[in-house]
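Worksheet: one structure, shown below.
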Ligand code: GFB
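Residue numbers (our numbering): 58 to 368.
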């Protein structure tokens with residue numbers, strides 16, 4: 058990418074999109090195109106087509122998506138499938154019509170089969186059944202991967218797909234029902250400490266394992282790969298390390314200084330038992346994460362408290 062290349066970051070107000078914008082700006086890219094969802098409804102085919110015709114971006118980071126944790130995915134199954142299919146289909150198709158130089162599609166580690174061998178190699182895509190709680194989201198993301206593959210095969214479009222692991226960081230969603238586990242636990246333990254509560258409820262059995270990547274590290278990987286990777290194969294982006302939900306809860310409990318009890322609500326689903334990405338290919342392309350979970354948690358917690366103080 059040239060410093061003046063026109064770069065469209067779809068989803069620039071989200072945790073991932075905003076991290077990509079920060080990373081691009083820190084590397085000296087000055088011509089970043091942004092649209093809020095009020096300004097441009099990415100589910101609207103005509104609006105997206107007109108936007109691409111008007112702006113004619115050179116590069117596109119497709120980080121716009123309807124996202125959420127296990128409960129949100131399982132509850133809003135229609136929106137997770139429809140909204141994500143519409144957004145990615147409109148953007149990828151318009152990028153081809155308007156001759157975008159290169160597009161990066163961001164998928165998710167939930168595209169892999171629920172019971173796949175660990176760590177998850179890119180080759181395991183479509184090797185088995187998906188996890189039920191997030192099947193609609195996973196199907197939409199798989200469709201995005203296949204669209205990029207098809208436009209590449211048929212039209213020679215340089216569209217690449219990356220699969221981030223579970224993410225956390227600045228500007229995350231802290232809604233107690235619809236967020237992911239890490240922000241949910243930061244909020245729950247923080248509020249319990251503030252209110253001198255005796256216990257905190259954590260969902261499931263605590264045995265599932267998850268890999269967590271700091272969103273600013275993901276953004277750095279995305280920009281690095283946009284500059285260096287032109288392959289047809291999907292690429293995992295993660296740390297290569299995971300911890301159990303129980304260990305995560307204990308770590309966040311210690312971080313917030315809460316001294317009460319953890320109560321496990323086993324009526325809530327566990328989801329996939331484990332989804333650790335194989336990052337061999339990512340490392341061979343010259344990128345490795347730099348923020349440890351401990352450091353990322355501290356930064357995220359500090360940011361969460363700073364945001365609370367602004368309200
Ligand atoms: O982060 P999470 O919602 O998503 O949940 P997934 C991870 C694990 O944490 C599950 C447990 O075993 C949850 O039961 N958990 C414990 C909690 N307490 C809580 C809590 O208070 N809130 C939440 N949310 N979980 C999502 C997918 O799966 O991951 C998406 O549904 C996407 O499609 C995303 O792929 C990255 O890791 O299970």
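Where is the CB? At the ideal position from N, CA and C, for every residue including glycine.
Rounded distance between the beta-carbons of residue j and residue i, thought under 8 Å
i, j, result
"residue 205", "residue 77", "Rounded, the Cβ-Cβ distance is 17 Å, inconsistent with contact."
"residue 222", "residue 334", "5 Å"
"residue 237", "residue 313", "With 8 Å as the limit, residue 237 and residue 313 do not qualify as a contact, their Cβ atoms being about 17 Å apart."
"residue 90", "residue 65", "4 Å"
Reduced DSSP category for residue i - H, G, I as helix; E, B as strand; rest coil
i, result
"residue 73", "helix"
"residue 151", "helix"
"residue 368", "coil"
"residue 100", "coil"
"residue 267", "strand"
"residue 331", "strand"
"residue 240", "helix"
"residue 122", "coil"
"residue 249", "helix"
"residue 161", "strand"
"residue 105", "helix"
"residue 90", "strand"
"residue 116", "strand"
"residue 227", "coil"
"residue 177", "strand"
"residue 289", "coil"
"residue 182", "coil"
"residue 144", "helix"
"residue 357", "helix"
"residue 110", "helix"
"residue 169", "coil"
"residue 352", "helix"
Closer than 6 Å: residue i CB and nearest ligand 1 heavy atom
i, result
"residue 167", "yes"
"residue 265", "yes"
"residue 276", "no"
"residue 327", "yes"
"residue 237", "yes"
"residue 231", "no"
"residue 286", "no"
"residue 105", "no"
"residue 321", "no"
"residue 194", "yes"
"residue 344", "no"
"residue 353", "no"
"residue 200", "no"
"residue 191", "yes"
"residue 259", "yes"
"residue 223", "yes"
"residue 121", "no"
"residue 130", "yes"
"residue 126", "yes"
Unbroken alpha helix (DSSP H) run spanning residue i, endpoints
i, result
"residue 311", "302-313"
"residue 342", "Residue 342 -> no alpha helix (DSSP H), and no H or E assigned at all."
"residue 294", "Unbroken run through residue 294 is the beta strand (DSSP E), 292-294; no alpha helix (DSSP H)."
"residue 65", "Residue 65 -> not in any alpha helix (DSSP H); beta strand (DSSP E) instead, spanning 64-67."
"residue 280", "272-285"
"residue 193", "192-212"
"residue 132", "127-132"
Near ligand 2: residue i beta-carbon under 6 Å from a heavy atom
i, result
"residue 100", "Absence of ligand 2 from the depicted structure is noted, with ligand 1 being the only ligands included."
Element boundaries [beta strand (DSSP E), containing residue i]
i, result
"residue 220", "216-221"
"residue 319", "318-322"
"residue 298", "No beta strand (DSSP E) holds residue 298; DSSP gives it neither H nor E."
"residue 257", "256-260"
Test: residue i CB closer than 7 Å to a CB of chain B
i, result
"residue 227", "The chain inventory of the structure shown lacks chain B, comprising one protein chain alone."
Answer yes if the region 185-197 comes into contact with the region 121-141, meaning at least three C-beta pairs across the two stretches below 8 Å, and no otherwise.
-> yes
Is the region 114-128 touching the region 156-170, taking contact as three or more C-beta pairs under 8 Å?
-> yes
So does the region 315-335 actually touch the region 205-214, counting three or more Cβ pairs closer than 8 Å?
-> no
Contact between the region 163-178 and the region 287-302: three or more CB pairs below 8 Å?
-> yes
Spell out a yes or no on whether the region 325-334 and the region 253-267 are touching, meaning 3 or more CB-CB pairs, one atom from each, closer than 8 Å.
-> yes
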